[in-house]
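In this text, residue positions in the sequence shown follow our numbering: the first is 10, and each later residue adds one.
I have placed the structure first, in the form of structure tokens, so that the comments after it can refer back to it.
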Amino acid sequence: DDHALVNRARMMDICRDIISRNISVTLGCLGTPCSADPQTLELMARAGFRGIHFGAETGTQRMLNVLGKRSSPAAIRGAVKTARACGMRVRTSWIMDAPGISENDLAETLQLILDLEPEEIRAHFFTLRAETPFAAEMGTPGRIPDQYIHAGAPHPGHQALPAGIMLPYLDDLASELRSRRYLVIRDTKSWRTLTEVGAGRADLRFISFCPGRYGLGWSL
């Protein structure tokens, strides 16, 4: 479910059903920060939700508007804080090279990541999808672009910031997170490191620049 929080009543019904049946299960989901109200998150935690992935995407209101996100930096902060208070591990994902992003937008986004310190950080690069406004604007309407959503580097042709400006920021972010005891996952092979340190550790924290596993650090 790409957005388990979009229908609040549905999610609460599911949670009440799990609780009433005394089902012991460990769950996780994806959702947007603006849909993460405290009452729903508290009920989800009671039902067994131990992880949640928020598609934060960017840390400035200007860029949230550009991306059509009905969210705000304050909503992102509040969602992460509330989910963590309910006992959930939090993953956030961020688009590092969204169309129109400025150097200031990128710097503010990375600062928000450092302020929040989510347990799991997914650094994405912008990917076009057919039949979307961005695809139409960039000259590819009706055609699925040859772009992989989990690419470990920027796709050529639509970067608002040159790689020479953007990538040093990401290197600095990774270095700072490493100093805060985060693992830095650069490629799929690096996931083997998690086996070495113990994938079941609740205190495990990482930033990933590639597709990653869910369920790390979750417990009943």
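Cβ atoms here follow ideal geometry from the backbone N, Cα and C, with glycine treated the same way.
(message) Measuring alpha carbon to alpha carbon, tell me which residue in Ile-27, Phe-143, Ala-132 is nearest Arg-100.
(response) Nearest Cα to Arg-100 within the set Ile-27, Phe-143, Ala-132: Ala-132.
(request) Would you list, in sequence order, the uninterrupted alpha helix (DSSP H) runs of no fewer than 4 residues that lie entirely inside the segment 64-126? (result) Taken in chain order, the complete alpha helix (DSSP H) segments of 4 or more residues contained in the segment 64-126 are 70-75, 82-94, 112-125.
(message) Helix, strand or coil, according to DSSP, for Glu-129 in the structure here?
(response) Note: Glu-129 maps to strand in three-state DSSP.
(message) According to DSSP, simplified to helix, strand and coil, what is Gly-221?
(response) The answer is coil: DSSP assigns Gly-221 none of H, G, I, E or B.
(message) What would DSSP say about Leu-179, mapped onto helix, strand or coil?
(response) DSSP places Leu-179 in helix when its eight states are reduced to three.
(message) With H, G and I counted as helix, E and B as strand and the rest as coil, what does DSSP make of Ile-32?
(response) Secondary structure of Ile-32 (DSSP, three-state): coil.
(request) Taking 8 Å as the cut-off, decide whether the C-beta atoms of Arg-214 and Trp-200 are in contact. (result) Their beta carbons are not under 8 Å apart, which means Arg-214 does not touch Trp-200 by this criterion.
(request) Taking Asn-74 as the reference, give the member of Pro-47, Leu-203, Pro-108 with the closest Cα. (result) If we check each option's Cα against that of Asn-74, Pro-108 comes out closest.
(message) Quick check: the Cα distance between Val-193 and Gly-60, rounded to an integer number of angstroms?
(response) Separation of Val-193 and Gly-60 (C-alpha to C-alpha, rounded to the nearest whole angstrom) is 20 Å.
(request) Would you be able to state if there are at least three C-beta pairs under 8 Å between the segment 167-182 and the segment 119-134? (result) The segment 119-134 is in contact with the segment 167-182.
(message) Nearest by alpha-carbon distance to Pro-82: which of Met-175, Thr-69, Ala-92 is it?
(response) Of the candidates Met-175, Thr-69, Ala-92, the residue whose Cα lies closest to the Cα of Pro-82 is Thr-69.
(request) Grab the span of the beta strand (DSSP E) containing Leu-14 for me, first residue to last. (result) It is not in any beta strand (DSSP E) - Leu-14 carries neither H nor E in the DSSP assignment.
(request) Kindly indicate the opening and closing residues of the alpha helix (DSSP H) around Leu-213. (result) First-last for Leu-213: undefined, no H or E at that position.
(request) Starting from Leu-52, follow the alpha helix (DSSP H) in both directions and report where the run begins and ends. (result) In the DSSP assignment, Leu-52 falls within the unbroken alpha helix (DSSP H) covering 47-56.
(message) Considering just the uninterrupted stretch of the alpha helix (DSSP H) at Ala-145, what are its terminal residues?
(response) Per DSSP, the unbroken alpha helix (DSSP H) holding Ala-145 starts and ends at 142-146.
(request) Kindly indicate the opening and closing residues of the beta strand (DSSP E) around Leu-137. (result) For Leu-137, there is no enclosing beta strand (DSSP E), as DSSP marks it with neither H nor E.
(request) Name the two residues that bound the continuous beta strand (DSSP E) containing Leu-192. (result) That run of the beta strand (DSSP E) goes 192-194.
(message) From the DSSP secondary-structure annotation, give me the bridge partner or partners of Ile-23.
(response) Answer is none; Ile-23 lacks a bridge partner.
(request) Spatial neighbours of Ala-65 within its chain, please: CB distance less than 7 Å, with the 5 preceding and 5 following residues excluded, ordered by chain position. (result) So the qualifying residues of the chain are Pro-42, Ile-85, Thr-101, Ser-102, Trp-103.
(request) Please confirm whether Ala-92 and Ala-56 have their CB atoms less than 8 Å apart. (result) With respect to Ala-56, Ala-92 sits apart: the two C-beta atoms are not nearer than 8 Å.
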